[in-house]
Amino acid sequence: MAPCRILSTILNNDDILSNSLVYIRSKKIKGIEYAYLVHSVWDEKLNTSRQKTIKYLGKVSHISIDSIPKEFQDIPNVRTFLVNHNIENKINVQKEHTKIRKIFFNLLIDGNLEGAIDVYDTYSKSLHLSNFYDYILKIVMYEIGDLWKNKKLEIAQEHVASNTANSFVKTLTERTSASQQGCKIVICTPEGEWHNLGCNVLQSVLQNKGFKVFNISPSLPHDSVVNYILDVKPDAVFISVTLAENLSSCKRLIHKIESKSSVPIAVGGLAVKEMKDQKLDAIVSTDDLDSVSSLVKTMMKNQKKPKPYNKKS
Ligand code: B12
Numbered sequence: 060m061a062p063c064r065i066l067s068t069i070l071n072n073d074d075i076l077s078n079s080l081v082y083i084r085s086k087k088i089k090g091i092e093y094a095y096l097v098h099s100v101w102d103e104k105l106n107t108s109r110q111k112t113i114k115y116l117g118k119v120s121h122i123s124i125d126s127i128p129k130e131f132q133d134i135p136n137v138r139t140f141l142v143n144h145n146i147e148n149k150i151n152v153q154k155e156h157t158k159i160r161k162i163f164f165n166l167l168i169d170g171n172l173e174g175a176i177d178v179y180d181t182y183s184k185s186l187h188l189s190n191f192y193d194y195i196l197k198i199v200m201y202e203i204g205d206l207w208k209n210k211k212l213e214i215a216q217e218h219v220a221s222n223t224a225n226s227f228v229k230t231l232t233e234r235t236s237a238s239q240q241g242c243k244i245v246i247c248t249p250e251g252e253w254h255n256l257g258c259n260v261l262q263s264v265l266q267n268k269g270f271k272v273f274n275i276s277p278s279l280p281h282d283s284v285v286n287y288i289l290d291v292k293p294d295a296v297f298i299s300v301t302l303a304e305n306l307s308s309c310k311r312l313i314h315k316i317e318s319k320s321s322v323p324i325a326v327g328g329l330a331v332k333e334m335k336d337q338k339l340d341a342i343v344s345t346d347d348l349d350s351v352s353s354l355v356k357t358m359m360k361n362q363k364k365p366k367p368y369n370k371k372s
């Protein structure tokens, strides 16, 4: 077992192999538990043991398998800490997700819709719909985007993957019957935003939870979006923004909707996750899709006094 580079800069091989004990030590600071991968060495002069930090691991609740250098992942003391802190399970789940992502990635690149559906069906017991979208599909699509950006994937391959991903979401959406009675939700993007896989994913999850969904994405003129909202009278509007450059278009859309209706608005998507100083006059959500139902409830609870819907004013 070769020592990791961080450790080998502090200690030499003999240190580790002879009088060493490697384990994870945790410390509570203001109620939060932080962890350190440490190496305990016996100090013969002082007749006591000293701990040298191999790596600061961060918050215990955030530790994943990647936090721990490979060389130390199988050390019994390390594993005991992971088991006692319930991290072992989390790590096994993460390993499983990585495995599914690899398979799913290849299927999307090959345009193999049937295979992609098979993978979902195989793993849907442990990964229900919203988790499959958040932990598999979304991450794979982000990876495809990065590979395309770094010129490691042809644009045509990226298009095949995103078209297959869209068909995948559509197929799963068609399995849920569209509710005619549930709360009404309009999903849209700001004008200029053509990314709408996120909208289709939202539709799939919301429809599966019994909401009546009107997905008008992608890009429409803002007047058309507002007129549609005034016609349908939804209980909530979801806006998805992917490109940072569309955040100002999103702001304009929010103000236009707010000038005509008091419908609660939530905004999400990649641009919102990466947003720094911008402020949006709407609920901003970066949560997992699991909490989308409670998001709708919060939106409706916080709803302002209704303004009359008036298409002409
Ligand atoms: C597929 C894709 C395309 C497809 C889109 C097809 C389609 N119908 O959507 C096509 C080929 C058309 C395309 C075009 C472009 N793209 Co593009 N594209 C992507 C890619 C690879 C995947 C996007 C995606 O589908 N993600 C998966 C979905 C499921 O994730 P999501 O949208 O984030 O949604 C999740 C959550 O955020 C949440 N959510 C989303 N919205 C909302 C809203 C609410 C209210 C809530 C609660 C939750 C929520 O729900 C989902 C949960 O799983 C990304 C890579 C990336 N990192 O995103 C690049 C990417 C977004 N594209 C990029 C670029 C540059 C472009 C182009 C400008 C390229 C060009 N030169 O033409 C154009 C712009 C088009 C336009 N004007 O909109 C860049 C953007 C860089 C930036 N940060 O601004 C990216 C990041 C690629 C990269 N790494 O550089 N693209």
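FYI, the numbering used here numbers position 93 of the sequence shown as 152, with every residue one higher than the one before it.
Cβ atoms here follow ideal geometry from the backbone N, Cα and C, with glycine treated the same way.
All figures in this text were calculated on a predicted structure; none of them were measured in a lab.
Between the CA atoms of residue j and residue i - distance to the nearest angstrom
i: N305; j: A325; result: 16 Å
i: S353; j: K268; result: 11 Å
i: K370; j: K335; result: Low confidence applies to K370: its pLDDT is 38, below 50, so where it sits in the model is not reliable, and the reading given next is rough at best. Roughly 35 Å separates the two Cα atoms.
i: A303; j: A330; result: 5 Å
i: L66; j: F140; result: The predicted position of L66 is uncertain, since its pLDDT is 42 and thus under 50; a value taken from the coordinates is nonetheless stated next. Distance between the alpha carbons of L66 and F140 is about 20 Å.
i: P367; j: F164; result: Low local confidence applies: a pLDDT of 38 at P367 is under 50, so the model's placement there is unreliable, with the coordinate-based value given in what follows. Going from the Cα of P367 to the Cα of F164 covers about 48 Å.
i: H156; j: L261; result: 21 Å
i: D198; j: N225; result: Note that residue 198 is Ile in the sequence shown here, rather than Asp. Using only the alpha carbons, I get a separation of about 15 Å.
i: S85; j: V284; result: 53 Å
i: I127; j: V81; result: 12 Å
i: I246; j: Y115; result: 43 Å
i: N361; j: E333; result: 25 Å
i: K310; j: S108; result: 59 Å
i: R138; j: D349; result: 30 Å
i: Q266; j: N259; result: 10 Å
i: D347; j: S189; result: 8 Å
i: K158; j: I150; result: 12 Å
i: S99; j: G327; result: 46 Å
i: V152; j: T357; result: 30 Å
i: T112; j: Y95; result: 6 Å
i: K338; j: S120; result: 29 Å
Neighbourhood of residue i by C-beta, 6 Å cutoff - its chain only, sequence neighbours within 5 removed
i: L166; result: G174, A175
i: L312; result: P249, H281
i: V355; result: A295
i: A220; result: L167, I168, I203
i: T235; result: Q266, N267
i: I146; result: I122
i: Q110; result: V97, S99
Residue i beta carbon near the ligand B12 (any heavy atom closer than 7 Å)
i: A295; result: no
i: M359; result: no
i: H218; result: yes
i: Y179; result: no
i: H254; result: yes
i: G117; result: no
i: L302; result: yes
i: I146; result: no
i: A237; result: no
i: L261; result: yes
i: Y93; result: no
i: S17; result: Here the chain has residues from 60 to 372 only, and residue 17 is not among them.
i: G251; result: yes
i: D205; result: yes
i: K211; result: no
i: A325; result: yes
According to DSSP, residues forming a beta bridge with residue i
i: L373; result: Only positions 60 to 372 of the chain appear in this structure, which leaves residue 373 out of reach.
i: G327; result: S299
i: I195; result: I195 is not bridged to any residue.
i: S107; result: First, the residue type needs correcting, since residue 107 is Thr and not Ser in the sequence shown. Looking at the DSSP assignment, T107 forms a beta bridge with D102.
i: I313; result: According to DSSP, I313 bridges with nothing at all.
i: I342; result: A325
i: V272; result: I244
i: I91; result: I88
Same chain, Cβ closer than 8 Å to residue i, five either side skipped, listed in chain order
i: M359; result: C242, D294, A295, P323
i: T230; result: L172, I176
i: V222; result: Residue 222 is actually Asn in this sequence, not Val. Same-chain partners within the cutoff: G170.
i: D102; result: S108, R109
7 Å CB neighbourhood of residue i in its chain, flanking five on each side removed
i: Q216; result: I168
Short CB-CB distance (under 8 Å) between residue i and chain D
i: H156; result: Protein chains in the displayed structure number just one, and chain D is not present.
Distance cut-off 7 Å: residue i Cβ against heavy atoms of the ligand ADP
i: Y192; result: Summarising the ligand content, the structure contains the ligand B12 and does not contain the ligand ADP.
- Message: Three Cβ pairs or more, each shorter than 8 Å: is that satisfied between the region 272-289 and the region 245-259?
- Response: Judged by Cβ distances under 8 Å, the region 272-289 makes contact with the region 245-259, as three or more pairs qualify.
- Is the region 229-248 touching the region 199-206 in the sense that three or more CB pairs, one from each, lie closer than 8 Å? Flag = no, the region 199-206 and the region 229-248 do not touch.
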